[in-house]
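The sequence shown begins at 39 in our numbering and counts up one residue at a time. We treat Cβ as the ideally placed atom computed from N, Cα and C, and that holds for glycine. Please read the structure below before turning to the comments.
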Amino acid sequence: HTAMILPDQMKRPNTYALPASIGAVTIVIGMFLHGINNPSSLNSIFPIVIEGIQHLGSALLGKTPTDESMFEYGPDGLPLCRGCHCTAEWEEDPAAFVCPEEPPPKWRYGAEVIETLRLHEANNPIGLDCNPYEDEGCDTVPSLQKGSWGGDAVCGFIYDIPASLSADAEDVGSCPLTNYTLQSFRSAEEAASANAIVTHKGHCGVCSTTKDLAAYMTHPDMVAEGRKCTNRAILSATWGRQCYEALGFTTPCAQIWAQNSINTASICRAPCVRHLFSPANLPEPSCKLNECLHCDEIESGPNFQLFAGRTRRNSGLRTPIMRQCRGFAFLEHTACPMDVVLGRNEDKGDEG
Numbered sequence: 039h040t041a042m043i044l045p046d047q048m049k050r051p052n053t054y055a056l057p058a059s060i061g062a063v064t065i066v067i068g069m070f071l072h073g074i075n076n077p078s079s080l081n082s083i084f085p086i087v088i089e090g091i092q093h094l095g096s097a098l099l100g101k102t103p104t105d106e107s108m109f110e111y112g113p114d115g116l117p118l119c120r121g122c123h124c125t126a127e128w129e130e131d132p133a134a135f136v137c138p139e140e141p142p143p144k145w146r147y148g149a150e151v152i153e154t155l156r157l158h159e160a161n162n163p164i165g166l167d168c169n170p171y172e173d174e175g176c177d178t179v180p181s182l183q184k185g186s187w188g189g190d191a192v193c194g195f196i197y198d199i200p201a202s203l204s205a206d207a208e209d210v211g212s213c214p215l216t217n218y219t220l221q222s223f224r225s226a227e228e229a230a231s232a233n234a235i236v237t238h239k240g241h242c243g244v245c246s247t248t249k250d251l252a253a254y255m256t257h258p259d260m261v262a263e264g265r266k267c268t269n270r271a272i273l274s275a276t277w278g279r280q281c282y283e284a285l286g287f288t289t290p291c292a293q294i295w296a297q298n299s300i301n302t303a304s305i306c307r308a309p310c311v312r313h314l315f316s317p318a319n320l321p322e323p324s325c326k327l328n329e330c331l332h333c334d335e336i337e338s339g340p341n342f343q344l345f346a347g348r349t350r351r352n353s354g355l356r357t358p359i360m361r362q363c364r365g366f367a368f369l370e371h372t373a374c375p376m377d378v379v380l381g382r383n384e385d386k387g388d389e390g
């Protein structure tokens, strides 16, 4: 999930930000030495310098097209592995792999849905004032209640229902649902009994808001934007967080993204350098993640998933990188789920 190692397109292998970041560090050090008497000027020229470094790094590294025969592509333009949208587990025998029966999750949503979700407000957003990659005792505010939810947990929205809205309301014009409470449930059935909207698998976290969902929908593959934010996070956690905020993520979600980027850049440096020009997925029949992405998933993924709550995969949002089938949610997100909120939908546990 980390932005540092996402490819520009599945058909074009990623050129990692590390060489450009090293160059950026060198130039920034020079900037500090040259402008030590006027440090306030550094903030204004840093974005220009880092953008130039990114372009220089791309020009020096170039882009090596991947053989398009490596994968087949579905009608949505995303790659498939032997006809499946997801892959076997890292340690699983590809020959024994069985693709899920459910159709591939959706990965693009219209502007109206995205903008409506962006305008909704959580009554109880979850905050983060520590770094889980450095502090084992780190927790959110309020607490995540780690380990208490179980494997069937879901995160849901309980919308505030306007007093003027009756249960048999039909044509209500613009959506009257604007505010909601985030709540973790032990199962989709429990969420359905509360007329809650299931927004992703797993407990709620700092990225579980509708605003963060809208940000993921706006940037379905997080490629160029994510690489820019990772470059900045390597130099400054604050710069990285601000960059993710500019993509539409809430501050706590942007913070865990920046922390995740820094951790992966540190721990996974060696495998990511080795796979500098590698495609994200290995060839068929396994189609598994390359060693760099696998390192990220092992070393940074657990804390990110624990604290973020929402990921693209557990929200039912696909990306150009094929991921393991485990953890995929099959959800359809809607901007104004009136039937579920008013208790009129028999399948309300499956709504997003």
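*With DSSP collapsed to three states, give me the class of Leu314.*
Residue state for Leu314 is assigned as coil, using DSSP reduced to three classes.
*Give the single residue among Ser202, Asn217, Cys176 whose Cα lies nearest to the Cα of Ile196.*
Of Ser202, Asn217, Cys176, the residue nearest in Cα terms is Asn217.
*asked:* Rounded to the nearest angstrom, what separates Arg146 and Thr125 at their Cα positions?
replied: Taking the CA atoms as reference points, Arg146 sits about 21 Å from Thr125.
*Rounded to a whole number of angstroms, what is the C-alpha to C-alpha distance between Cys310 and Glu139?*
Going from the Cα of Cys310 to the Cα of Glu139 covers about 34 Å.
*Contacts around Cys333, its chain only, beta-carbon distance under 8 Å, and the 5 residues preceding and following it disregarded*: Taken in chain order, the residues that qualify are Thr302, Ile305, Cys306, Pro309, Cys310.
*Beta carbon of Arg224, beta carbon of Asp190: below 8 Å?*
Against a cut-off of 8 Å, the Cβ pair of Asp190 and Arg224 comes out as a contact.
*Roughly how many whole angstroms lie between the Cα atoms of Asp131 and Gly188?*
27 Å
_Chain-order list of residues whose beta-carbon lies under 6 Å from that of Thr248 (same chain, five-residue window excluded)_ = Leu155, His158
*Other residues of its chain near Tyr171: CB distance less than 7 Å, five sequence neighbours each side excluded*: Close CB contacts of Tyr171 within its chain, under the 7 Å cut and outside five residues either way in sequence, are with Gln297, Asn301, Asn341 (chain order).
*Please classify Thr302: does DSSP put it in a helix, a strand, or coil?*
helix
*Go ahead and pull the three-state DSSP assignment for Gly240.*
coil
*Please list, in chain order, all residues of the same chain as Val179 whose beta carbon is under 8 Å from its beta carbon, the five residues on each side excluded.*
Ile164, Gly165, Leu166, Asp167
*Could you check what DSSP says for Phe287 in three-state terms: helix, strand or coil?*
DSSP places Phe287 in the coil class of the three-state scheme, outside both helix and strand.
*Since I believe Cys267 is in contact with Ala346 (beta carbons under 8 Å), could you give me their beta-carbon distance rounded to a whole number of angstroms?*
Contact doesn't hold; Cβ gap of about 15 Å is too wide.
*asked:* So the candidates are Leu273, Ser353, Ser181, Glu370; which of them puts its Cα closest to the Cα of Arg364?
replied: Ser353
_Continuous beta strand (DSSP E) stretch holding Gly194: start and end_ = 192-197
*In chain order, which alpha helix (DSSP H) runs of at least 4 residues are fully inside the segment 334-379?*
339-346, 376-379
*asked:* Helix, strand or coil for Gly188? Go by DSSP, reduced to three states.
replied: Residue state for Gly188 is assigned as coil, using DSSP reduced to three classes.
*Where DSSP assigns a beta bridge to Gln221, which residues make up the other side?*
Gly194
*Beta carbon of Gly278, beta carbon of Arg265: below 8 Å?*
No. Outside cutoff.
_So for Ile152, helix, strand or coil by DSSP?_
helix
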